[in-house]
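Each step along the sequence shown adds one to the number in the numbering used here, with nothing skipped, and position 53 is 724. Note that the Cβ used here is the ideal one computed from N, Cα and C, for glycine as well. Owing to the predicted nature of the structure, the values given are computational and were not obtained by experimental measurement.
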Amino acid sequence: MMNRRNRLNIYAVKGGRPSSYSRRCRIAAAGCFVAVIILLSKRIFLQPSTSSSSEIHDSKCRLKQAINSGEFQLFSHRSYYNAKSDDCRNALEHLKSIGVNHLDLDLVLTNNNNNNVESNSLIVAHPMEYKRTTKTYSPCGNTAFNEMMHLLKSVYNNDFFISMEPKAAWGQTQQELDDIALINPPSKILETLLKLIELNELAGHCAAIVELNYQVTDDAESRLQEELLRKITQHCQLFKGIRLSDDINNLHNIDQYDAIMPTIEFHPRHPHNKQGKVVQQELWSKSIVWVVDNEVDLEFAAELSPRGIVSNSPRDIVDILNGWCK
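Structure, rendered in structure tokens:
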């Protein structure tokens, strides 16, 4: 595994045989000890499930101050400006106009001449966009990677940052291998991504959202993935996505990631969080939370004090923030 130094952007400041009676006492003491350990672990690993109105207000004001100072990162999810779709350049120009220069992008490696893009080309697209099986398309969906980089540099003059999630058959499951958007082995898309990162001189402007699967039995493929990712992280930061279904008590080698990306569902009061799963307290300061599209979720994010959020409606998020703490 790779050992890498963390880079953080933090704004939130956390003699003989015992008698029967003797044996019973010791059993009771042991039980108390276990109970104390459980309670302490909850204090260490869980966020408080309730907050007072004044605490919520203070957290909202801190978030607004952080975003106004540039310490808090607001990402556009898949180039969305708001719920209405737009063409790619206009969406980027609108995002720039409200101060959003961070984008979170999905990447697909084509395996045929689809969408007028030649085979083995990298495109900015969610797999459903690539397969044309979705009802909604992001403004920059199905845009060739090099064209997307040209547009970003044209609009932002290099003042931008992109997190990129390369889609592939990471688990080598049959479901992945049957999906035309995921059929490529991870090493293939990582190799293409590395070339294009270097070609477009993206060093300092990018992060790769990748978690290598060391359960794959193909040793040669695993070694190649690790070597390619090592080279990518010489140019880009390394992020880790975390879904509510993931085992958050088994986060291996978390220190190698520059940021983690848990869903907003990890907030204790989120209606989807039926099991009360919560990310460790100390990890929120290196977290970029997704997807935050409304005021309720934005308030949840403010309470958690993450490093940033990803939104499908950055325009709406900015409008909500402008109404806070006047």
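Test item: CB-CB of residue i and residue j under 8 Å
| i | j | result |
| --- | --- | --- |
| Leu-861 | Ile-903 | yes |
| Ser-750 | Pro-810 | yes |
| Leu-778 | Lys-838 | yes |
| Val-950 | Val-981 | no |
| Leu-774 | Ile-833 | yes |
| Ala-973 | Leu-745 | no |
| Pro-985 | Ser-730 | no |
| Leu-793 | Thr-863 | yes |
| Ile-935 | Ser-958 | no |
| Met-835 | Leu-776 | yes |
| Asp-929 | Gln-908 | yes |
| Phe-743 | Gly-947 | no |
| Asn-983 | Asp-964 | yes |
| Asn-782 | Gly-842 | no |
| Pro-977 | Val-989 | no |
| Ala-852 | Lys-806 | no |
| Pro-942 | Ile-913 | no |
Bounding residues of the beta strand (DSSP E) (the contiguous stretch that carries residue i)
| i | result |
| --- | --- |
| His-773 | 773–780 |
| Leu-793 | 793–795 |
Residue i Cβ short of 7 Å to the ligand PLP heavy atom set
| i | result |
| --- | --- |
| Ser-792 | Although the ligand PLP was asked about, the structure shown includes no ligands whatsoever. |
Bridge partners - residue i, DSSP secondary structure assignment
| i | result |
| --- | --- |
| Ser-747 | Leu-774 and Ser-982 |
| Lys-911 | Ile-931 |
| Ala-815 | Ile-794 |
| Trp-961 | Thr-934 |
Range covered by the alpha helix (DSSP H) that runs through residue i
| i | result |
| --- | --- |
| Asn-761 | 759–768 |
| Ile-925 | Where Ile-925 is concerned, there is no enclosing alpha helix (DSSP H), given that its DSSP letter is neither H nor E. |
| Val-967 | 966–975 |
| His-728 | 724–740 |
| Ile-903 | 890–903 |
Presumed contact (8 Å Cβ cut-off) between residue i and residue j, rounded CB distance
| i | j | result |
| --- | --- | --- |
| Cys-732 | Thr-814 | That pair is no contact at about 38 Å. |
| Phe-910 | Ala-874 | Between Ala-874 and Phe-910 the Cβ distance is about 16 Å, and since that is not below 8 Å, they are no contact. |
| Asn-753 | Asp-987 | 6 Å |
| Ser-956 | Leu-895 | Incorrect: roughly 34 Å between the Cβ atoms, too far for contact. |
| Leu-975 | His-938 | 6 Å |
| Asn-772 | Phe-831 | 5 Å |
| Lys-767 | Tyr-827 | 6 Å |
| Glu-892 | Pro-856 | 6 Å |
| His-906 | Ile-868 | 5 Å |
inquiry  = In chain order, what are the residue ranges of uninterrupted beta strand (DSSP E) at least 3 long that sit wholly in the region 828–880?
reply    = Runs of the beta strand (DSSP E) inside the region 828–880: 832–837 and 877–880.
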